[in-house]
Ligand SMILES: [Zn+2]
């Protein structure tokens, strides 16, 4: 087992990165590491993740009771969310809860993170479920997360709130957070360009097979041929403006041909004349 001081120090280092990258402002966010069956180290409440020190990290049991009574710091109230994930998934040893701006924008808009678009996101995140809004720090928050996750899930978006990422290691959970926000930033930039290319079904199946070869299981491989990947993309796709087509007026020999939809010079002059006549008629009457 990793030395407990090393784990505390790593929690401070990860906290600093979370703060530096703007995933948590002020005292927002929290992360934890499960160090034994009934022991979890978690960040304290009321401290910026950018300024944590190893002695501030608190110790709780699996019921959320703070064990280190001598610690003047109090455990985060969000630890219940972490504990529910640990109970549902014994393979998970670290949980990171943050408010990454680009990903959280999707949760604010109640738009699920789309799938079948970016290979990195498919391999390292997979399906990212979105929960309905629940009050932070209440047990319903954890229940809503457990209700939408399966054995392969490593990231969940919390409605109107933020994200929670989890993994076998703290670094692994933090990487999920970075990849999640980077992917959502790319999606928002793509939206500005006005159109998006979705991977085809054979491309998605191929990708999920590659993922399996990496040792990363993904339940979607069993249903990808039936179109389960991207089944929830509609809310995001609906934010794009309808596509306007550019009609090429070039002939095969490069000669400019008349675009039937375009107005000729004569048509335009006649329109200007009609408008002018109407204005003059108005002035004279
Ligand atoms: Zn939060």
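In our numbering, the protein residues as written are 11 to 295. C-beta atoms are modelled at their ideal positions from N, C-alpha and C, and glycine is treated no differently.
query, result
"Residue 39 beta carbon near ligand 1 (any heavy atom closer than 7 Å)", "yes"
"According to DSSP, residues forming a beta bridge with residue 54", "85"
"Spatial distance of residue 281 from residue 250 (CA atoms)", "34 Å"
"Residue 104 - containing beta strand (DSSP E), residue span", "104-108"
"Cutoff 6 Å; reference residue 73; Cβ partners in own chain excluding five residues on either side", "none"
"Under 8 Å between C-beta atoms of residue 186 and residue 134", "yes"
"Beta bridge counterpart(s) of residue 233 as assigned by DSSP", "Looking at the DSSP assignment, residue 233 forms no beta bridge with any residue, so it has no partner."
"Beta-carbon proximity list for residue 227, same chain, < 6 Å, skipping 5 on both sides", "162"
"Three-state secondary structure assigned by DSSP to residue 23", "helix"
"Nearest-angstrom Cα separation, counted from residue 284 out to residue 270", "With a pLDDT of 49 at residue 270, under the threshold of 50, the modelled position of this residue cannot be trusted; read the value that follows with caution. One C-alpha to the other measures close to 22 Å."
"Nearest candidate by alpha-carbon position, reference residue 143, set 119, 105 and 129", "119"
"For residue 41, three-class secondary structure by DSSP", "strand"
"Close Cβ partners of residue 51 (< 7 Å) along its chain, the five nearest in sequence each way excluded", "17, 18, 21, 42, 43, 45, 67 and 69"
"Residue 194 - containing alpha helix (DSSP H), residue span", "180-203"
"Inter-residue Cα distance where the pair is residue 100 and residue 204", "43 Å"
"Pairwise C-alpha distance: residue 106 and residue 231", "27 Å"
"DSSP state of residue 176 mapped onto helix, strand, coil", "strand"
"heavy atom of ligand 1 below 7 Å from residue 146 C-beta", "yes"
"Heavy atom of ligand 1 within 7 Å of residue 88 beta-carbon", "yes"
"Buried/exposed call for residue 131, threshold 16 Cβ in 10 Å", "buried"
"Residue interval of the beta strand (DSSP E) (run including residue 227)", "No beta strand (DSSP E) holds residue 227; DSSP gives it neither H nor E."
"DSSP bridge partner residues for residue 167 (one or two, in chain order)", "140 and 173"
"Through-space distance from residue 210 to residue 252, alpha-carbon basis", "20 Å"
"As assigned by DSSP and simplified to three states, the class of residue 239", "coil"
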